[in-house]
Amino acid sequence: MKTRFKPARLKLSSDQSTRPLARLSLHDQLVARVREMIIDGELAAGAALPERMLCETFGVSRTPLREAFKILAAEGLIELRPHRTPVVTPIDASEIAEIFDVMVALDAAAGRAAAARATADDIARLDALHAELVALHHAAERAAYFRLNQQIHAEITRLAGNSVLFNMWSTLHASVFRARAVANYDARRWDESLGEHEAFMALLRARDAAGFAQALSDHTRKTGDSVLQMLDQAKLDHTELDQSRDA
163 MKTRFKPARL KLSSDQSTRP LARLSLHDQL VARVREMIID GELAAGAALP
213 ERMLCETFGV SRTPLREAFK ILAAEGLIEL RPHRTPVVTP IDASEIAEIF
263 DVMVALDAAA GRAAAARATA DDIARLDALH AELVALHHAA ERAAYFRLNQ
313 QIHAEITRLA GNSVLFNMWS TLHASVFRAR AVANYDARRW DESLGEHEAF
363 MALLRARDAA GFAQALSDHT RKTGDSVLQM LDQAKLDHTE LDQSRDA
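So in the numbering used here, spot 35 of the sequence shown is number 197, and the numbers just go up one at a time.
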């Protein structure tokens, strides 16, 4: 059964049935809004994205919407299909598992190099980002937390000073971008994840390269395990729902 986009189900901030965007940075706002709806689960995996309804919802023309689609497709969040309605990209659990296996190894290599090369200013900058991450967790700002979380991981990988490693990590990260967000839907895992960030940041401040690398890769492994567990549960829930409908 196809999933249809229904504006009435969106979590609007007012009683209005549309959420028009300000004209300043229209493109950036549109990309951010649709990205957040996908990451927060308002638009489920496999959901169709009819242009007309989205244009009415956001009060924009098709041109900026199609440009936003291109950005989101490059991030792996949606699939553009010739002569067919775009859809939110389905999540392939087996592919996600294989990607996480590689990312665990990449994070171990990146963590060791980053801890060895990071300057005092680099660590201070990461500390500031980490403090902001903690504040977002306390405020339950899930979408903003997730974006900053990814920024921190990207910055650590960049500090490794290896362009090949960074390009590989960035490519694989784009493939699991939305799947990583799934793990934060679970409050217990979200708390655990923050604790893991606290732990590996302490090791970075201590200049413990081996410990930092291990903690960083362990964090990625646990995130991957949590993602796969939640995907399995979602699949089970979907199967049970279909069975109840057929009963």
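Ideal Cβ positions, reconstructed from N, Cα and C, are used throughout, including at glycine. Given the structure is predicted, the values throughout are model-derived calculations rather than measurements.
Closest to residue i by CA distance: which of the options is it?
| i | options | result |
| --- | --- | --- |
| Glu-354 | Met-330, Asp-380, Ile-233 | Asp-380 |
| Ala-236 | Ala-305, Leu-298, Ser-337 | Ser-337 |
| Phe-339 | Ala-230, Ala-368, Glu-257 | Glu-257 |
| Arg-195 | Arg-287, Val-249, Ala-305 | Ala-305 |
| Arg-367 | Ala-286, Arg-383, His-299 | Ala-286 |
| Gly-208 | Val-250, His-189, Ala-230 | Val-250 |
| Leu-356 | Asp-284, Ile-253, Thr-382 | Thr-382 |
| Gly-238 | His-299, Leu-188, Pro-252, Leu-227 | Pro-252 |
| Ser-223 | Ala-290, Val-326, Leu-188 | Leu-188 |
| Gln-312 | Gly-203, His-245, His-359 | His-359 |
| Gly-203 | Asp-348, Gly-323, Leu-327, Gly-221 | Asp-348 |
| Leu-234 | Arg-197, His-245, Ile-261 | Arg-197 |
Residues bridged to residue i by DSSP?
| i | result |
| --- | --- |
| Glu-241 | Val-249 |
| Ala-210 | Val-249 |
Assuming residue i and residue j form a contact by the criterion Cβ under 8 Å, report the distance between their Cβ atoms to the nearest whole angstrom.
| i | j | result |
| --- | --- | --- |
| Gly-272 | Ile-240 | It is worth fixing the name first, because residue 272 is Ala in this sequence and not Gly. That belief does not hold up - the Cβ atoms of Ala-272 and Ile-240 are roughly 28 Å apart, past 8 Å. |
| Met-199 | Leu-205 | 5 Å |
| Leu-393 | Ala-377 | That pair is no contact at about 25 Å. |
| Thr-247 | Leu-216 | That belief does not hold up - the Cβ atoms of Thr-247 and Leu-216 are roughly 10 Å apart, past 8 Å. |
| Ala-372 | Arg-274 | 7 Å |
| His-292 | Ile-314 | 7 Å |
| Leu-321 | Ala-276 | 4 Å |
Could you name the residues of the same chain whose beta carbon sits closer than 8 Å to that of residue i, not counting the 5 residues immediately before and after it, in chain order?
| i | result |
| --- | --- |
| Ala-259 | Gly-386, Leu-390 |
| Lys-232 | Leu-242 |
| Ala-270 | Ala-375, Gln-376, Leu-378, Ser-379 |
| Ala-255 | Leu-390, Leu-393, Asp-394, Lys-397 |
| Lys-289 | Here residue 289 turns out to be Asp, not Lys, going by the sequence shown. Only Met-363, Arg-367 meet the Cβ criterion. |
Return the chain-ordered list of same chain residues with a C-beta closer than 7 Å to the C-beta of residue i, the five sequence neighbours on each side being excluded.
| i | result |
| --- | --- |
| Glu-294 | Leu-310 |
| Glu-213 | Arg-224, Leu-227 |
| Leu-298 | Ala-306, Tyr-307, Leu-310 |
| Ala-361 | Ala-377 |
Legend entry - Stretch pair the segment 252-267 + the segment 320-339: three plus CB contacts closer than 8 Å: With a cut-off of 8 Å, the segment 320-339 and the segment 252-267 count as touching, because enough Cβ pairs lie within range.
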